[in-house]
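>
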Amino acid sequence: MLLVDITIVNVALPSIQRELDASLTGLQWIVDAYAITLAALILTAGALADRYGRRLLFSIGVALFTAASLLCGLAWNIASLDIARALQGVGGAALFATALALIGAEYQGRERAGAIAIWGSTIGLAVASGPLAGGIITEWLSWRWVFFVTCRSAPPSSSSR
């Protein structure tokens, strides 16, 4: 979800520029607002997860990322889209900081290695498929749908191993 969102948006930028009459600076902030907040807050999110619980912070991250994705898709101008992208980055930082830690806490031994391998493979697939998915979605639906595809997500189950 996080890395698809980085790459899927790039293909939609020309459509966003046309529809929202965006300047080059406004388009740059669509990408940068997400990337900067994500990168700047990962360590803080990790510290908060250690203090208040990984599952709680992961759930908050999912809720915030999902709400921000919806706001991105509903953006009425470039400024609202840039702000919503920054909010996505905040939620993304919470997800990114806790996902691997949750996997590490949930699995032991060979199962852990397998779960981490699946996690890493999923990340690679997400990065590779983002531009292709973005092109298809933008061509057949609308640039708004590149954000709506990341709206449907669920927090982890409350069961523990």
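When we follow the working numbering, the leftmost residue of the sequence shown carries the number 9, and every step to the right adds one. Just so you know, even glycine gets a beta-carbon here, dropped at the ideal spot from N, CA and C.
1. Okay, do the region 113-131 and the region 88-103 touch, 3+ Cβ pairs below 8 Å being the bar?
2. Could you spell out the range, first to last residue, of the alpha helix (DSSP H) harbouring Cys80?
3. Does Leu32 get closer than 8 Å to chain D when you measure Cβ to Cβ?
4. Is the distance from the Cβ of Thr45 to the Cβ of Ala94 below 8 Å?
5. Excluding the 5 residues preceding and the 5 following Gly81 in the sequence, name in chain order all residues of the same chain whose CB lies nearer than 6 Å to its CB.
6. With contact counted as at least three CB pairs below 8 Å, one residue from each stretch, are the region 132-143 and the region 60-76 in contact?
7. Answer with buried or exposed for Asp90, where buried requires no fewer than 16 other C-beta atoms within 10 angstroms of its C-beta.
8. Rounded to whole angstroms, what's the CA-CA distance from Asp13 to Arg59? Just pull it up for me.
9. Can we count Asp40 as close to the ligand GTP, meaning its CB is less than 7 Å from some heavy atom?
10. CB Pro139 to CB Thr52, shorter than 8 Å?
11. Tell me whether Gln116 sits in a helix, a strand or coil according to DSSP, three-state version.
12. According to DSSP, is Trp153 helix, strand or coil?
If we stick to the structure as given:
1. Result no; under three Cβ-Cβ pairs closer than 8 Å.
2. Taking the first residue of the sequence shown as 1, we reach residue 80 at position 72. For Cys80, the enclosing alpha helix (DSSP H) starts and ends at Arg62 to Gly81.
3. Here chain D cannot be found, since the structure has a single protein chain.
4. The residue labelled residue 45 in the question sits at position 37 within the sequence shown. The residue labelled residue 94 in the question sits at position 86 within the sequence shown. Taking 8 Å as the Cβ cut-off, Thr45 and Ala94 qualify as a contacting pair.
5. Counting from one through the sequence shown, the residue named residue 81 turns up at place 73. So the qualifying residues of the chain are Arg152, Phe155 and Phe156.
6. The answer is no - the region 60-76 does not touch the region 132-143, with fewer than three Cβ pairs under 8 Å.
7. Within the sequence shown, numbered from 1, the residue matching residue 90 stands at position 82. The residue in question, Asp90, is buried, as its Cβ has 16 or more Cβ neighbours within 10 Å.
8. In the sequence shown, counting from the first residue as 1, residue 13 sits at position 5. In the sequence shown, counting from the first residue as 1, residue 59 sits at position 51. Distance between Asp13 and Arg59, taken at the CA atoms: about 28 Å.
9. Summarising the ligand content, the structure contains no ligands, and the ligand GTP is consequently not present.
10. Counting from one through the sequence shown, the residue named residue 139 turns up at place 131. Counting from one through the sequence shown, the residue named residue 52 turns up at place 44. It is not a contact, given that the beta carbons lie outside the stated cut-off.
11. Counted from its first residue, the sequence shown places residue 116 at position 108. The answer is coil: DSSP assigns Gln116 none of H, G, I, E or B.
12. In the sequence shown, counting from the first residue as 1, residue 153 sits at position 145. Trp153 carries a helical assignment under DSSP once its states are collapsed to helix, strand and coil.
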